[in-house]
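Visitor: Whatever position you read off the sequence shown (first residue = 1), add 439 for this note's numbering.
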Amino acid sequence: MKIAGQLSLYDLPRISPLVCRATNPEYGEEKTRVVEVRGVRFGGERPVVIAGPCAVESQEQTLSVARAVRRAGADMLRGGAYKPRTSPYDFQGTGLEGLCIRQVAREETGLPVVTEAMDPRLVEQVA
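1. Distance, Cα to Cα, residue 500 vs residue 477?
2. Nearest CA to the CA of residue 488: which residue from 524, 523, 553, 494?
3. Just to check my reading of the structure: residue 529 and residue 479 have Cβ atoms closer than 8 Å, yes? What is that Cβ distance to the nearest angstrom?
4. In or out: residue 511 buried (at least 16 other Cβ within 10 Å) or exposed?
5. Return the CA-CA distance between residue 472 and residue 560, expressed in angstroms with no decimal places.
6. If you draw a straight line from the alpha carbon of residue 539 to that of residue 474, how long is it in whole angstroms?
7. Mind checking residue 508: buried by the 16 CB within 10 Å criterion, or exposed?
8. I need the boundaries of the beta strand (DSSP E) containing residue 473, first residue and last residue.
9. Would you tell me roughly how many angstroms separate the C-alpha atoms of residue 490 and residue 505, rounded to the nearest one?
Right, here's the structure in full:
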């Protein structure tokens with residue numbers, strides 16, 4: 440059997456069973472957990488929409504995208520400030536400047552922002 444025309448099930452080292460919330464007593468009656476982050480509820484009936492650029496490149500770009508995703512009904516804005524690459528010559532992200540730009544977008548639109556911290560040393564800065 441082929442998946443997406445590339446991988447045979449026989450090539451997989453093992454197959455893990457799917458977790459079914461309906462039969463897992465850990466989830467109780469609701470069959471889901473609800474976690475709230477900055478006023479956005481994850482879990483429950485409504486899916487959370489997180490949208491935005493792969494990378495924060497400029498304030499103009501980020502604000503333009505933030506306004507557009509807000510108008511479209513997104514719940515949160517994403518955008519990477521740090522973009523680790525295998526080549527030191529490739530775009531590495533805007534770093535601290537990008538984090539500041541995301542903060543401006545958050546203040547203007549009211550959208551909570553999310554990004555990745557690819558290095559434990561950056562967690563405090565990203566938070």
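Ideal placement from N, C-alpha and C gives every residue a C-beta, glycine not left out.
Remember, predicted model here, so these are calculated numbers, not experimental data.
Guide: For this structure:
1. Here the alpha carbons of residue 477 and residue 500 stand approximately 24 Å from one another.
2. Across the set 524, 523, 553, 494, the C-alpha of 553 shows the shortest separation from the C-alpha of residue 488.
3. Their Cβ separation, rounded to whole angstroms, is 32 Å, which puts residue 529 and residue 479 out of contact at 8 Å.
4. Counting Cβ neighbours within 10 Å, residue 511 comes out exposed, since fewer than 16 surround it.
5. Taken atom to atom, the span from the alpha-carbon of residue 472 to that of residue 560 is near 30 Å.
6. Answer to the nearest angstrom: the Cα atoms are 26 Å apart.
7. The Cβ neighbour count for residue 508, taken over all protein chains shown within 10 Å, is at least 16; the residue is labelled buried.
8. DSSP places residue 473 outside any beta strand (DSSP E), giving it a letter other than H or E.
9. Straight-line Cα distance between these residues: approximately 8 Å.
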